[in-house]
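Just so you know, the working numbering puts 15 at position 15 of the sequence shown, and the rest follows in order with no gaps. In this text, a Cβ means the ideal position worked out from N, Cα and C, and glycines have one as well. The structure presented is a predicted model; accordingly, all values stated were derived computationally and were not measured.
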Amino acid sequence: MNDLNSKKMKKIYIGLFWACILGITGCYEDDSTMATPESMVNEITIEEFADTSAVAYSTVLELTPKVTGYSDTELEYRWYIYGGEFSDRTEDGYRTVQIGAEKKLSYPVELKIGTYTVVCEVTNKETGYFNLTEFSLKVTSAFSEGFYILKETTDGNTDMDFYNDRQKTVIPDVIASVQGEAQSGKPCNMCPVYNKIYIDPATAKSTYATGVFVTSGQNEFSIYSTIDMSTLFDRSSLLFSEMDGEEVPYAMVSAMRGNMLFSNKGVRLDDLGGGRFASEYSTGKLGYPAGKGTSSFIQAYDGQNLSFWSGETRRLMYTSGSDMEEIKYKDGYEGVKVDWEQAAPVASGWNHRAGKNTIWYLFDVAGEGRYVVVLQPGGGIDQVIRLDASLHLAKADVIAGNALTSTSIYGVDDNRLYRYSLTEGTETSAIPVEGLPAGTITYMADLFYGSSFDYIVIGIQNGDEYTLSMYKIAGGQPSGKPVHTVTGTGILKKVCYACPLQDYASPNYYAFTKYAELYGMGPDFPY
Numbered sequence: 001m002n003d004l005n006s007k008k009m010k011k012i013y014i015g016l017f018w019a020c021i022l023g024i025t026g027c028y029e030d031d032s033t034m035a036t037p038e039s040m041v042n043e044i045t046i047e048e049f050a051d052t053s054a055v056a057y058s059t060v061l062e063l064t065p066k067v068t069g070y071s072d073t074e075l076e077y078r079w080y081i082y083g084g085e086f087s088d089r090t091e092d093g094y095r096t097v098q099i100g101a102e103k104k105l106s107y108p109v110e111l112k113i114g115t116y117t118v119v120c121e122v123t124n125k126e127t128g129y130f131n132l133t134e135f136s137l138k139v140t141s142a143f144s145e146g147f148y149i150l151k152e153t154t155d156g157n158t159d160m161d162f163y164n165d166r167q168k169t170v171i172p173d174v175i176a177s178v179q180g181e182a183q184s185g186k187p188c189n190m191c192p193v194y195n196k197i198y199i200d201p202a203t204a205k206s207t208y209a210t211g212v213f214v215t216s217g218q219n220e221f222s223i224y225s226t227i228d229m230s231t232l233f234d235r236s237s238l239l240f241s242e243m244d245g246e247e248v249p250y251a252m253v254s255a256m257r258g259n260m261l262f263s264n265k266g267v268r269l270d271d272l273g274g275g276r277f278a279s280e281y282s283t284g285k286l287g288y289p290a291g292k293g294t295s296s297f298i299q300a301y302d303g304q305n306l307s308f309w310s311g312e313t314r315r316l317m318y319t320s321g322s323d324m325e326e327i328k329y330k331d332g333y334e335g336v337k338v339d340w341e342q343a344a345p346v347a348s349g350w351n352h353r354a355g356k357n358t359i360w361y362l363f364d365v366a367g368e369g370r371y372v373v374v375l376q377p378g379g380g381i382d383q384v385i386r387l388d389a390s391l392h393l394a395k396a397d398v399i400a401g402n403a404l405t406s407t408s409i410y411g412v413d414d415n416r417l418y419r420y421s422l423t424e425g426t427e428t429s430a431i432p433v434e435g436l437p438a439g440t441i442t443y444m445a446d447l448f449y450g451s452s453f454d455y456i457v458i459g460i461q462n463g464d465e466y467t468l469s470m471y472k473i474a475g476g477q478p479s480g481k482p483v484h485t486v487t488g489t490g491i492l493k494k495v496c497y498a499c500p501l502q503d504y505a506s507p508n509y510y511a512f513t514k515y516a517e518l519y520g521m522g523p524d525f526p527y
């Protein structure tokens with residue numbers, strides 16, 4: 001389960017964790033005594049610490065606990081850490097990794113990106129009676145958590161700006177800044193790739209990190225580490241031999257089964273780092289592709305498989321990464337059908353409300369107009385809607401789906417925003433959007449990350465300058481003034497959010513299970 005949906009079940013997990021810890025520590029002799037009413041003469045009371053975050057390799061964690069009940073000379077202090085890169089070390093329970101033995105903790109945060117738990121344990125020297133408190137430590141880097149903005153540079157190449165939404169700061173041109181030059185060619189696509197396995201050059205050992213997959217030009221791509229924007233993989237290193245010059249990578253996306261590379265040769269699958277199937281000897285390199293040519297139009301399908309448009313078979317398909325099957329009309333379907341040979345994909349989306357998933361694709365069909373194809377999760381094509389030519393969605397040049405608050409599709413026609421309801425088949429009048437600068441709307445998306453945020457993101461282009469406005473959503477449409485505004489130089493192409501993902505995650509899987517309706521465990525991030 002992801003950290004995104006785990007809040008509602010946190011107490012359950014904490015209980016299970018401590019049950020495991022007690023089982024482990026019970027195998028060791030220990031002359032200390034946990035606080036009980038019978039053992040207390042004076043109670044050791046420790047004021048709780050707030051959860052905190054730190055930037056790796058540039059932060060020293062300095063803390064001093066406030067303790068009552070005994071004098072400092074009667075007490076001894078121990079600090080421990082678990083989780084994150086220490087997740088597989090449990091031989092002494094939470095006491096396995098000690099990071100301090102004084103009252104004041106001064107700990108250089110030289111850790112891998114991830115979420116850790118720090119424990120402060122205070123013990124009476126004479127009786128062995130002890131008490132403890134713990135807090136969450138989220139370790140990040142300058143690039144590890146925030147919005148990546150893909151853009152075309154003024155000289156026609158590819159770069160990204162990075163927006164830290166917590167600090168409301170922008171780092172421009174992160175590829176050129178770290179790599180020395182922008183990625184060659186005009187930008188094509190960008191995707192977050194969670195827990196991508198690679199070999200750490202410093203240790204020569206297998207590890208993993210969130211990456212950003214960027215394609216440009218005819219067939220160029222790189223996967224950049226969100227730790228330091230170094231190159232994890234490119235055409236020369238992702239496969240066991242250099243990638244064939246005719247192969248065109250379209251996207252790499254994360255799903256329950258792992259990370260999948262989509263190209264004109266098919267689909268390649270790799271395990272998620274830190275997952276139940278990952279090997280400590282994994283290199284992150286990919287093997288032979290499965291199936292036939294794909295495209296950049298990729299969506300969820302049933303929690304374990306992804307749907308996509310195949311440019312080679314000219315059909316909607318689905319894949320688990322190791323095979324590929326056509327998505328056919330559901331049994332008994334008698335509605336409108338699409339002439340696939342004349343169809344060209346325009347957009348796709350995934351809506352999730354109260355445990356119900358709606359996956360759709362929008363096609364232009366030569367000589368006929370626009371069609372919306374609605375998929376039944378795991379069950380084939382459920383509905384085909386031929387859009388009336390008078391609808392703004394039938395003419396829109398910027399299209400996005402609402403993700404979590406309404407079963408609808410947004411369309412921008414003549415620089416005005418409209419919303420089409422998939423359930424009612426109706427379209428709103430023009431939706432006023434507060435706080436947009438003058439210019440042309442060239443980009444729109446509904447970006448979310450679990451329950452952390454859900455924003456409608458609108459991009460405005462003015463010459464070589466762009467403005468990105470992020471809105472909260474009410475009634476299925478942008479609400480009030482933007483909560484975040486980002487400006488930059490270049491032609492805006494796409495925006496995505498990236499952050500560290502916890503171990504043993506199953507991205508976007510639980511949205512298709514009974515837990516979605518019972519516990520509100522919806523999608524983790526959009527495709």
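Residues of its chain near THR96, where Cβ-Cβ distance is below 8 angstroms and the 5 sequence neighbours each way are ignored: Start at 1 with the first residue of the sequence shown, and residue 96 comes out as number 96. Here the set comprises TYR80, TYR82, PHE86, ARG89 and THR90.
GLU257 burial status per 10 Å Cβ neighbour count (16 or more: buried): For the purposes of this step, residue 257 is taken as residue 257 along the sequence shown, with counting starting at 1. As written in the sequence, residue 257 is Arg, which differs from the Glu given in the question. Counting Cβ neighbours within 10 Å, ARG257 comes out buried, since at least 16 surround it.
For SER222: DSSP bridge partner residues: What you label residue 222 is simply residue 222 of the sequence shown in a count that begins at 1. Residue pairing by DSSP places SER222 opposite VAL214 and ASP234 in a beta bridge.
Taking only runs that begin and end inside the region 85-151, name each unbroken beta strand (DSSP E) of 3 or more residues, in chain order. 98-100, 105-108, 114-124 and 129-140
Taking GLN167 as part of the alpha helix (DSSP H), name the residues at either end of that continuous run. Locating residue 167 in the sequence shown gives position 167, where the first residue counts as 1. First-last for GLN167: undefined, no H or E at that position.
Would PHE403 and PRO478 qualify as a contact pair, given that the criterion is a beta-carbon distance under 8 angstroms? On the sequence shown, residue 403 is found 403 positions in, with the first residue counted as 1. On the sequence shown, residue 478 is found 478 positions in, with the first residue counted as 1. Position check: residue 403 holds Ala in this sequence, whereas Phe was assumed. Cβ distance not < 8 angstroms, so ALA403 and PRO478 don't count as in contact.
VAL139: which of GLY185, ASN42, VAL174 and THR59 sits nearest, CA to CA? As a working mapping, residue 139 is identified with position 139 in the sequence shown. Nearest C-alpha to VAL139: THR59.
With a cut-off of 8 angstroms on the beta carbons, I'd call THR153 and VAL214 a contact; round off their distance for me. Numbered from 1 along the sequence shown, position 153 holds the residue referred to as residue 153. Numbered from 1 along the sequence shown, position 214 holds the residue referred to as residue 214. Between the beta-carbon of THR153 and that of VAL214 there is about 13 angstroms, and that puts the pair past the 8 angstroms contact cut.
Are VAL495 and PHE147 touching if we call contact CB-CB under 8 angstroms? On the sequence shown, position 495 is the one that residue 495 refers to. On the sequence shown, position 147 is the one that residue 147 refers to. Contact: yes.
What are the boundary residues of the beta strand (DSSP E) that includes GLU62? Counted from its first residue, the sequence shown places residue 62 at position 62. Where GLU62 is concerned, the enclosing beta strand (DSSP E) stretches over 60-63.
Residues of its chain near GLY273, where Cβ-Cβ distance is below 6 angstroms and the 5 sequence neighbours each way are ignored: Translated into positions along the sequence shown, residue 273 becomes position 273. So the list reads ASN195, ILE197 and TYR208, once near-sequence residues are dropped.
Once DSSP output is grouped into helix, strand and coil, what is the label at ALA255? Reading the sequence shown from its first residue, position 255 is the one you call residue 255. ALA255 falls in the strand class under three-state DSSP.
Output the distance between the C-alpha atoms of MET543 and GLY450, rounded to the nearest integer angstrom. Only positions 1 to 527 of the chain appear in the structure, and residue 543 is not among them; the question remains open.
Within 10 angstroms of the Cβ of GLU517, are there 16 or more other Cβ atoms? Answer buried if so, exposed if not. Mapped onto the sequence shown, residue 517 falls at position 517. Looking at its Cβ environment, which holds fewer than 16 other Cβ atoms inside 10 Å, GLU517 is exposed.
Environment of TYR288 [buried if 16+ CB atoms lie within 10 Å]: Counting from 1 along the sequence shown, the entry for residue 288 is found at position 288. It is exposed - the Cβ of TYR288 has fewer than 16 other Cβ atoms within 10 Å.
Closest to MET243 by CA distance: which of ARG235, TYR250 and PRO249 is it? As a first step, residue 243 is located in the sequence shown; it is residue number 243 there, counting from the start. Answer by Cα proximity: ARG235.
Indicate whether ILE227 and ALA300 have their beta-carbon atoms separated by less than 8 angstroms. Here residue 227 refers to the residue found at position 227 when the sequence shown is read from its first residue. Here residue 300 refers to the residue found at position 300 when the sequence shown is read from its first residue. Not in contact: ILE227 and ALA300 (Cβ atoms no closer than 8 angstroms).
Straight-line Cα distance separating TYR361 from PRO345: Numbered from its first residue, the sequence shown carries residue 345 at position 345. Numbered from its first residue, the sequence shown carries residue 361 at position 361. Those two C-alpha atoms are separated by around 7 angstroms.
When the distance is taken between beta carbons, is CYS191 closer than 8 angstroms to MET252? In the sequence shown, the residue the question calls residue 252 occupies position 252. In the sequence shown, the residue the question calls residue 191 occupies position 191. Contact flag set, yes.
Can you confirm whether SER408, when its beta carbon is compared against all beta carbons of chain B, has any partner nearer than 8 angstroms? As a matter of chain content, chain B is missing from the structure shown, which is built from one protein chain.
The beta strand (DSSP E) enclosing TYR198, as first and last residue numbers: Within the sequence shown, numbered from 1, the residue matching residue 198 stands at position 198. Its beta strand (DSSP E) spans residues 187-200.
Pair every Cβ in the region 387-394 with every Cβ in the region 329-338, then say whether three or more of these pairs are closer than 8 angstroms. no
Which of the three DSSP states, helix, strand or coil, is assigned to GLN342? For the purposes of this step, residue 342 is identified with residue 342 of the sequence shown, where counting begins at 1. GLN342 falls in the helix class under three-state DSSP.
Along the alpha helix (DSSP H) that carries GLN179, what are the first and last residues, could you check? The sequence position of residue 179 within the sequence shown is 179, counting from 1. Counting along the chain, the alpha helix (DSSP H) containing GLN179 begins and ends at 174-179.
Can you tell me whether LYS11 is helix, strand or coil according to DSSP? Locating residue 11 in the sequence shown gives position 11, where the first residue counts as 1. In this prediction, LYS11 has a pLDDT of 36, which is less than 50 and means its spatial position is unreliable; what the coordinates show is noted afterwards. LYS11: helix per DSSP, three-state reduction.
Within 10 angstroms of its Cβ, does SER144 collect 16 or more other Cβ (buried), or is it exposed? On the sequence shown, residue 144 is found 144 positions in, with the first residue counted as 1. Buried, since its Cβ has 16 or more Cβ neighbours within 10 Å.
Considering just the uninterrupted stretch of the alpha helix (DSSP H) at LEU316, what are its terminal residues? Translated into positions along the sequence shown, residue 316 becomes position 316. It is not in any alpha helix (DSSP H) - LEU316 instead sits in the beta strand (DSSP E) that spans 315-319.
Do GLY266 and TYR504 count as a contact pair if the criterion is CB distance below 8 angstroms? Here residue 504 refers to the residue found at position 504 when the sequence shown is read from its first residue. Here residue 266 refers to the residue found at position 266 when the sequence shown is read from its first residue. For TYR504 and GLY266, no; Cβs fall outside 8 angstroms.
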